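In what follows, a structure is listed as structure tokens, so that the remarks can point back to it.
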Amino acid sequence: LSTAEKFALVADTLNTMVSGLEREPSSRLMKHVIRCYLRLSEDERAKEQLQQNFPSSLRVDMQLTTLSPNLHQSLKDDPTTTRWLQQLIANMQTHGQR
């Protein structure tokens with residue numbers, strides 16, 4: 002598999018996990034998913050691809066007011082994951098602005 006194909010598989014898996022979190026909130030899984038996305042967003046090439054594969058349910062404002070109730074539930078009482086999600090949003094918004 003090429004690097005692009007491997008990335009597509011990872012992105013599809015993460016998207017599937019986010020969809021699952023929308024149905025059944027899980028703070029523990031949300032933490033791992035957000036951390037994976039955050040790490041990917043720190044690499045410029047990965048971030049470019051991520052822009053095309055990023056789940057719409059995580060395309061939210063910095064205050065997280067547009068986050069779905071179940072995803073919000075997954076962040077409840079977890080300031081670390083909330084901060085990571087806000088950093089991820091900031092990283093995605095700065096795509097190509099360097």
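Numbers given in this note's numbering equal positions in the sequence shown, counted from 1, plus 1. Ideal Cβ placement from N, Cα and C applies to all residues, glycine included. All values reported here derive from a predicted model rather than from experimental measurement.
Cβ-Cβ distances below 8 Å link Asn-92 to Leu-39, Ser-42, Glu-43, Lys-48 in the same chain, with the five nearest sequence neighbours on each side left out; the list follows chain order. The three-state secondary structure of Ser-27, taken from DSSP, is coil. The beta carbon of Gln-87 lies closer than 8 Å to those of Met-63, Leu-65 in the same chain, with the five residues before and after it left out.
In the three-state reduction of the DSSP assignment, Pro-56 falls in the coil class, being assigned neither a helical nor a strand state. Ile-35 is positioned such that its CB atom lies closer than 8 Å to that of Thr-82. Counting along the chain, Gln-64 sits inside no alpha helix (DSSP H), nor does DSSP assign it H or E at all.
Under the three-state reduction of DSSP, Ser-20 is assigned to helix.
Between the alpha carbons of Lys-7 and Phe-55 lies a distance of about 16 Å.
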